[in-house]
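Structure first, commentary second.
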Ligand code: ARG
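Residue numbers (our numbering): 16 to 457.
Given below as structure tokens:
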């Protein structure tokens, strides 16, 4: 079923019809499409392009379609080319010839542009809320687990940190992600309805009316750009990619930490699965899936960037490809944010194992060097001395703080009893990164 049969004498090939249809993908835009159409009708009415009676008939017809779709009575399917054809043809079926006036002073090009902006704006708002939920879960877990753990560089134990400090790093990442999405929403908040196919319409319409009714901050400034701009989808998908990269890094840490090699955390069974052959295993599938799905979100961004590259102005059918990519990316991101938040909320921290890893990792070696510096040794010499001390500890199977003062003094005459306090892990923490930990607690 088509909206454009007039100029055609031959029937469309069946395979072409199947190839061209977007309804199985854009059916989810029914609400935005109908809301946009109602605003359009109200504007036509106010501008005298429809009588009040026609306007009312159209609006109640559109509302009845929306209600029936939402109640499940009307299924968004069938041989329609796209969601726009589906709504318009069902409208004419319901209200008769007045339905044919709906598309006055409008093209599917500005119609699909307004549908996508409304959808993207609304869904991006959901992403912002889900991000906040994840930030809240991280903050809560951090506050309740202000316990010491090794911090790493090169995946080698490096300095003492706290679990709160570590989770706080992700709070920063997701807070930046939130700002990026909020900024993208501000940029996309312009109304393309009224651009027509590409260069407006000869009818005397008023774009401000639909802009106000649809809650956009302004109308677009350029018609050609208004119908062909999909930057906001790229920008959101790029923000989603960064967000997924952050979630993937966190997933990787959760996977490592829950391994038998680390045993720093235990994931809740609700977010783990078992092995069909090895009864002892508890696999961190949720985190692995998030790490895996990061690839498909990057893929959506690159696929659609590639689609747009080289397109002449204005609308080209290539742009229909925006939907599958954007819908898949946003669905994936929202699911991952929710799962990640629940995983964080329910994971169990194994404080004793984190502490043991600190002791076994000579995580106060830098502080021994700092201690020697405070006593007048040059840092490079102090570094050398501590290197020798570590070799000794490894041979003896002891931590630095477990050596006697006699053993320690063999490495430098400057070492006296006050060293133990200087290299105590909690004291190191208090001196080093306590300020940051307090910030997280707020
Ligand atoms: N399904 C189309 C899309 O998603 C709607 C716009 C069709 N416009 C056109 N001139 N054929 O892009």
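Note that the Cβ used here is the ideal one computed from N, Cα and C, for glycine as well.
**Separation of residue 79 from residue 127, as counted between CA atoms** = Against the chain shown, residue 127 aligns to sequence position 112. Against the chain shown, residue 79 aligns to sequence position 64. Going from the Cα of residue 127 to the Cα of residue 79 covers about 21 Å.
**Request:** Answer yes or no: the CB of residue 334 versus the heavy atoms of the ligand ARG, is any distance below 7 Å?
**Result:** For the purposes of this step, residue 334 is taken as residue 319 along the chain shown, with counting starting at 1. For the ligand ARG, at least one heavy atom lies less than 7 Å from the Cβ of residue 334.
**Request:** Look at residue 142 and residue 349 and say whether their C-beta atoms are less than 8 Å apart.
**Result:** One-based indexing of the chain shown puts residue 142 at position 127. One-based indexing of the chain shown puts residue 349 at position 334. Against a cut-off of 8 Å, the Cβ pair of residue 349 and residue 142 comes out as a contact.
**Item:** Residue closest to residue 199, alpha-carbon to alpha-carbon, out of 249, 181, 28, 423
**Value:** The residue labelled residue 199 in the question sits at position 184 within the chain shown. Check the Cα spacing between residue 199 and each of 249, 181, 28, 423: the tightest is with 249.
**Prompt:** In or out: residue 25 buried (at least 16 other Cβ within 10 Å) or exposed?
**Reply:** Within the chain shown, the letter at position 10 stands for residue 25. Looking at its Cβ environment, which holds fewer than 16 other Cβ atoms inside 10 Å, residue 25 is exposed.
**Message:** Among the candidates 242, 236, 270, 340, whose CA atom is the shortest distance from the CA of residue 253?
**Reply:** If you number the chain shown from 1, residue 253 lands on position 238. The candidate whose alpha carbon is nearest that of residue 253 is 340.
**Proximity below 8 Å, CB of residue 316 to CB of residue 256** = Here residue 316 refers to the residue found at position 301 of the chain shown. Here residue 256 refers to the residue found at position 241 of the chain shown. Yes, they are a contact pair.
**Item:** Inter-residue spacing [alpha-carbon to alpha-carbon] between residue 125 and residue 23
**Value:** Taking the chain shown and counting its residues from 1, one reaches residue 125 at position 110. Taking the chain shown and counting its residues from 1, one reaches residue 23 at position 8. The alpha-carbon atoms of residue 125 and residue 23 are separated by roughly 23 Å.
**residue 327 burial status per 10 Å Cβ neighbour count (16 or more: buried)** = Against the chain shown, residue 327 aligns to sequence position 312. By the 10 Å Cβ count, residue 327 comes out exposed.
**Prompt:** In its own chain, which residues sit with a C-beta less than 6 Å from the C-beta of residue 363, not counting the 5 before and 5 after it?
**Reply:** In the chain shown, counting from the first residue as 1, residue 363 sits at position 348. Cβ neighbours of residue 363 beyond the five flanking positions: 281.
**Request:** Would you kindly check if the distance between the Cβ of residue 390 and the Cβ of residue 429 is under 8 Å?
**Result:** Here residue 429 refers to the residue found at position 414 of the chain shown. Here residue 390 refers to the residue found at position 375 of the chain shown. It is a contact, given that the beta carbons lie within the stated cut-off.
**Asked** Do you know whose CA, among 420, 445, 88, lies nearest residue 433's CA?
**Response** By one-based count along the chain shown, residue 433 stands at place 418. A check of alpha carbon separations from residue 433 across 420, 445, 88 identifies 420 as the nearest.
**Request:** Report all residues from its chain with a CB closer than 7 Å to the CB of residue 405; omit the five preceding and five following residues, and keep chain order.
**Result:** As a working mapping, residue 405 is identified with position 390 in the chain shown. For residue 405, where only same-chain residues beyond five positions count, the Cβ hits under 7 Å are 377, 380.
**Request:** Leaving out five residues on either side along the sequence, give the residues of the same chain with a beta carbon under 8 Å from the beta carbon of residue 414.
**Result:** If you number the chain shown from 1, residue 414 lands on position 399. Here the set comprises 374, 375, 377, 408.
**Request:** Would you kindly check if the distance between the Cβ of residue 283 and the Cβ of residue 361 is under 8 Å?
**Result:** Against the chain shown, residue 361 aligns to sequence position 346. Against the chain shown, residue 283 aligns to sequence position 268. The answer is yes: Cβ separation under 8 Å.
**Request:** Confirm the yes/no value for this check: CB of residue 42, any heavy atom of the ligand ARG, distance under 7 Å.
**Result:** As a position in the chain shown, residue 42 is number 27, starting the count at 1. No.
**Message:** Give me the residue from 247, 302, 370 with the minimum Cα distance to residue 178.
**Reply:** As a working note, residue 178 is residue 163 in the chain shown. Per the Cα distances, 370.
**Asked** Touch check for the region 99 to 113 and the region 308 to 322: three-plus C-beta pairs under 8 Å?
**Response** Counting Cβ pairs under 8 Å, fewer than three are found: no touch.
**Item:** Closest residue to residue 54 among 172, 115, 229 (Cα-Cα distance)
**Value:** What you label residue 54 is simply residue 39 of the chain shown in a count that begins at 1. Out of 172, 115, 229, 229 has the C-alpha closest to the C-alpha of residue 54.
**residue 189 and residue 146 closer than 8 Å at C-beta** = Indexing the chain shown from 1 puts residue 189 at position 174. Indexing the chain shown from 1 puts residue 146 at position 131. Cβ atoms of residue 189 and residue 146: closer than 8 Å.
**Asked** Quick one: Cα of residue 344 to Cα of residue 310, how far?
**Response** Taking the chain shown and counting its residues from 1, one reaches residue 344 at position 329. Taking the chain shown and counting its residues from 1, one reaches residue 310 at position 295. Whole-angstrom Cα-Cα distance: 10 Å.
**Request:** Return helix, strand or coil for residue 103, following the three-state DSSP convention.
**Result:** In the chain shown, residue 103 corresponds to position 88, counting from 1. It is helical.
**Prompt:** Ordered along the chain, which non-local residues of its own chain (more than five positions away) have a Cβ less than 7 Å from that of residue 442?
**Reply:** Locating residue 442 in the chain shown gives position 427, counting from the first residue. Excluding residues within five positions, the ones whose Cβ falls inside 7 Å are 436.
**Message:** Measuring only the C-alpha atoms, how far is residue 322 from residue 131?
**Reply:** Taking the chain shown and counting its residues from 1, one reaches residue 322 at position 307. Taking the chain shown and counting its residues from 1, one reaches residue 131 at position 116. Their backbone Cα atoms lie some 17 Å apart in a straight line.
**Prompt:** Which class does residue 224 belong to by DSSP, given the choice of helix, strand or coil?
**Reply:** As a first step, residue 224 must be located in the chain shown, where it is residue number 209. Of the three classes helix, strand and coil, the one that applies to residue 224 here is helix, per DSSP.
**Contact test: residue 37 Cβ vs the ligand ARG heavy atom, cutoff 7 Å** = For the purposes of this step, residue 37 is identified with residue 22 of the chain shown, where counting begins at 1. Result yes, Cβ under 7 Å from the ligand ARG.
**Prompt:** Do residue 271 and residue 355 have their CB atoms nearer than 8 Å?
**Reply:** Residue mapping note: residue 271 aligns to position 256 of the chain shown, counting from 1. Residue mapping note: residue 355 aligns to position 340 of the chain shown, counting from 1. Not closer than 8 Å, so no.
**Asked** So which of 261, 206, 71, 260 has the shortest CA-CA distance to residue 234?
**Response** Here residue 234 is taken as the residue at index 219 of the chain shown, counted from 1. Answer by Cα proximity: 206.
**Asked** At what residues does the beta strand (DSSP E) containing residue 165 begin and finish?
**Response** As a working note, residue 165 is residue 150 in the chain shown. Looking at the DSSP string, the run of the beta strand (DSSP E) that includes residue 165 is 163 to 168.
**Request:** Taking all protein chains shown into account, decide if residue 393 is buried (16 or more other Cβ within 10 angstroms of its Cβ) or exposed.
**Result:** In the chain shown, the residue the question calls residue 393 occupies position 378. Exposed.
**Request:** Determine the direct distance from the alpha carbon of residue 215 to that of residue 47, and round the result to whole angstroms.
**Result:** Along the chain shown, one-based indexing puts residue 47 at 32. Along the chain shown, one-based indexing puts residue 215 at 200. Using only the alpha carbons, I get a separation of about 21 Å.
**Cα-Cα separation, residue 329 to residue 176** = Your numbering for residue 329 matches position 314 in the chain shown. Your numbering for residue 176 matches position 161 in the chain shown. Taking the straight line joining both Cα atoms gives about 54 Å.
**Prompt:** Less than 8 Å separating the beta-carbons of residue 136 and residue 203?
**Reply:** What you label residue 136 is simply residue 121 of the chain shown in a count that begins at 1. What you label residue 203 is simply residue 188 of the chain shown in a count that begins at 1. Yes, Cβ-Cβ distance for residue 136 and residue 203 is below 8 Å.
**Request:** State the start and end residues of the unbroken alpha helix (DSSP H) segment that holds residue 56.
**Result:** Numbered from its first residue, the chain shown carries residue 56 at position 41. 45 to 61 is the span of the alpha helix (DSSP H), which, as asked, contains residue 56.
**Message:** Between the alpha carbons of residue 159 and residue 174, how many angstroms are there, rounded?
**Reply:** Stepping through the chain shown from its first residue, residue 159 is reached at position 144. Stepping through the chain shown from its first residue, residue 174 is reached at position 159. Looking at the two C-alpha atoms, the distance is approximately 21 Å.
**Prompt:** Can you tell me where the beta strand (DSSP E) with residue 175 in it begins and where it stops?
**Reply:** Position 160 of the chain shown, counted from the first residue, corresponds to residue 175. Where residue 175 is concerned, the enclosing beta strand (DSSP E) starts and stops at 171 to 177.
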